[in-house]
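In our numbering, the protein residues as written are 96 to 434. Notes follow once the structure below has been shown.
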Ligand code: NAD
Ligand code: DAU
């Protein structure tokens, strides 16, 4: 298969590229990434040694650039990770989220239509469903839960999902959409909860927990997400939607406490700070459809995944120290100093 991966220099995209290179060494992989603050060529160092891997620096919302790449590469399938992905940044600057996540998706869908109805998969998020109450553990998001996004990030991702499903129905584009819960693992940019906490705890810095730390997320080790996406891409039903989850609900406080124990650091590093505006209370995924139709289930339990993640950050300090020394510093001040 000739696969075109957008956003492959980011967290999940680069893990997916390594997953595919290991599982299907004969596949050809093209990565398209604008290398925004979240994209990092250092994450693709090993991939770039493969003869059947190619990289293009391009913005998915740049129609001419994307059409040129499709003309040159003629992919069989496109898996679309590229996005502005951080909720807190979407509260500071919603415009770039609409441009990249909505317009960028539409450009890719048009390119897929124009170059022979190419198979397209939209990597979506469970945040499009809004949130669930903390006191109703029986409730989970299913594929038919109504959309109710809370942030500019999740609203822009909902729009992108709907575009993909509309192209499938109206233009018979062979598209699928997945909606996944919170990922963690190697190469995650240290603006998201787990790598923020690991990198700061290692430096004995305070750990900023929003509100009281009671908000709940459903954590999935990134390799399990990659396996789910691979299954949908190769065996999923066209025009359909799949929820992907980790079966590992934890409050943020619990996640940070587990991390501190794993790192051998004291709990007094925790600092409660002003809550995120519009902060979703709880996410929980019902992934029955993935299990029933595609025989997929998460394999890595949370404690094992967290230990592997901590080991990766310990062994790859150069990767994240480089990030912390750049643009990240001013982002950190903007997001945390006034809290
Ligand atoms: P990330 O922020 O780590 O990486 C995003 C990548 O997209 C970066 O390499 C960046 O350079 C690239 N990019 C951004 N704008 C671009 C543009 N205009 N053109 C081309 N490339 C561009 O994100 P992630 O956490 O790896 O998430 C990947 C996808 O998965 C996103 O679509 C996100 O919404 C979705 N998702 C993420 C999670 C999670 O927990 N991280 C869970 C569910 C779904
Ligand atoms: O559910 C899937 C989504 O998960 C993805 O679509 C997003 O791309 C991804 O960023 C993630 O969104 P969250 O907002 O849940 O992730 P984040 O890591 O930003 O925050 C996780 C929880 O931790 C959330 O309740 C906010 C809280 N938090 C986060 C940070 C960065 C803190 O308490 N302190 C922090 O410093």
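Beta carbons: idealized from backbone N, C-alpha and C, even for Gly.
(request) Give me whichever residues DSSP pairs with residue 214 in a beta bridge. (result) Paired residues: 172.
(message) I'd like to know whether the C-beta atoms of residue 268 and residue 204 end up nearer to each other than 8 Å.
(response) Yes.
(message) Along the chain, where does the alpha helix (DSSP H) containing residue 303 start, and where does it finish?
(response) Counting along the chain, no alpha helix (DSSP H) covers residue 303; the unbroken beta strand (DSSP E) around it starts and ends at 302-305.
(request) Quick one: residues in its chain with C-beta nearer than 6 Å to the C-beta of residue 191, no 5 flanking neighbours on either side, listed in chain order? (result) For residue 191, where only same-chain residues beyond five positions count, the Cβ hits under 6 Å are 179.
(message) Tell me the rounded alpha-carbon separation between residue 126 and residue 141.
(response) Approximately 13 Å between the Cα atoms of the pair.
(request) Provide the residue(s) that pair with residue 275 in DSSP beta bridges, ordered along the chain. (result) Looking at the DSSP assignment, residue 275 forms a beta bridge with 220, 339.
(request) With DSSP as the reference, please indicate the residues paired to residue 100 in a beta bridge. (result) Under DSSP, residue 100 forms a beta bridge with 126, 174.
(request) Inspect the beta-carbon positions of residue 381 and residue 430 and report whether they are closer than 8 Å. (result) Their beta carbons are not under 8 Å apart, which means residue 381 does not touch residue 430 by this criterion.
(request) Use the C-beta contact count for residue 289: other C-beta atoms within 10 angstroms, 16 or more gives buried, fewer gives exposed. (result) With a 10 Å radius around the Cβ and a threshold of 16 neighbouring Cβ atoms, residue 289 comes out buried.
(request) Write down the C-beta distance between residue 391 and residue 343 rounded to the nearest angstrom, noting that I regard them as a contact closer than 8 Å. (result) The Cβ separation is near 15 Å, so there is no contact.
(message) Need the endpoints of the beta strand (DSSP E) that residue 344 sits in, please.
(response) Segment 344-346, the beta strand (DSSP E) holding residue 344.
(request) Would you identify the three-state DSSP class for residue 313, choosing helix, strand or coil? (result) Look at residue 313 here: in three-state DSSP terms it is strand.
(request) Please report how far the alpha carbon of residue 300 lies from the alpha carbon of residue 404, in whole angstroms. (result) Distance between the alpha carbons of residue 300 and residue 404 is about 19 Å.
(message) Is residue 221 close to the ligand DAU? I mean its beta-carbon at under 7 Å from any heavy atom of the ligand.
(response) It does: the Cβ of residue 221 is within 7 Å (strictly closer) of some heavy atom of the ligand DAU.
(message) Just verifying my parser: in three-state terms, what is the DSSP assignment at residue 333?
(response) Three-state result, residue 333: coil.
(request) Mark residue 252 as exposed unless 16 or more other C-beta atoms lie within 10 angstroms of its C-beta, in which case mark it buried. (result) Buried is the call here.
(request) Could you work out which residue in 110, 221, 101, 96 is closest to residue 407 when comparing CA atoms only? (result) Sorting 110, 221, 101, 96 by C-alpha distance to the C-alpha of residue 407 places 110 at the top.
(message) Measuring straight from C-alpha to C-alpha, what distance separates residue 388 and residue 420?
(response) Cα-Cα distance, rounded: 45 Å.
(message) For residue 397 and residue 293, what's the separation of their Cα atoms in angstroms?
(response) Distance between residue 397 and residue 293, taken at the CA atoms: about 15 Å.
(message) With distance defined between alpha-carbon atoms, name the residue in 174, 128, 226, 167 nearest to residue 210.
(response) Of the listed residues, the one whose Cα sits closest to residue 210 is 167.
(message) Within a Cβ cutoff of 6 Å, which residues of the same chain sit near residue 250, ignoring the five residues on either side of it in sequence?
(response) Excluding sequence positions up to five before and after residue 250, its CB lies within less than 6 Å of the CB of 244, all in the same chain and listed in chain order.
(request) May I ask you to report which of helix, strand or coil DSSP gives residue 193? (result) It is helical.
(request) State yes or no: is the C-beta of residue 78 nearer than 7 Å to some heavy atom of the ligand NAD? (result) Residue coverage of the chain in this structure runs from 96 to 434, which leaves residue 78 outside it and unanswerable.
(request) Return the chain-ordered ranges of every alpha helix (DSSP H) run that is complete within the region 340-396 and spans a minimum of 4 residues. (result) If we require 4 residues or more, the alpha helix (DSSP H) runs fully inside the region 340-396 come out as 347-358, 383-389.
(request) Output the boundary residues of the alpha helix (DSSP H) element that contains residue 111. (result) Residues 106-118.
(message) What does the alpha-carbon distance come out to for the pair residue 228 and residue 172?
(response) The straight-line gap from Cα to Cα measures roughly 38 Å.
(message) Does residue 270 come out as helix, strand or coil in the three-state DSSP assignment?
(response) DSSP places residue 270 in strand when its eight states are reduced to three.
(request) State buried or exposed for residue 374, treating a residue as buried only when at least 16 other CB atoms are found within 10 Å of its CB. (result) Around the Cβ of residue 374, a 10 Å sphere holds fewer than 16 other Cβ atoms; the residue is exposed.
(message) So, does the region 352-363 touch the region 325-338, judging by three or more C-beta pairs under 8 Å?
(response) No, they do not touch.
(message) Assuming the contact rule is C-beta atoms closer than 8 Å, residue 255 and residue 196 should be a hit. Round their C-beta distance to whole Å, please.
(response) The C-beta distance from residue 255 to residue 196 rounds to 5 Å, short enough to meet the 8 Å contact threshold.
(message) Here's the rule: buried if 16 or more other CB atoms are within 10 angstroms of the residue's CB, otherwise exposed. What is residue 333?
(response) Label assigned to residue 333: exposed.
(message) Considering only DSSP beta bridges, list what residue 235 is partnered with.
(response) None, per the DSSP bridge assignment.
(request) Please list, in chain order, all residues of the same chain as residue 346 whose beta carbon is under 8 Å from its beta carbon, the five residues on each side excluded. (result) Around residue 346: 308, 309, 310, 311.
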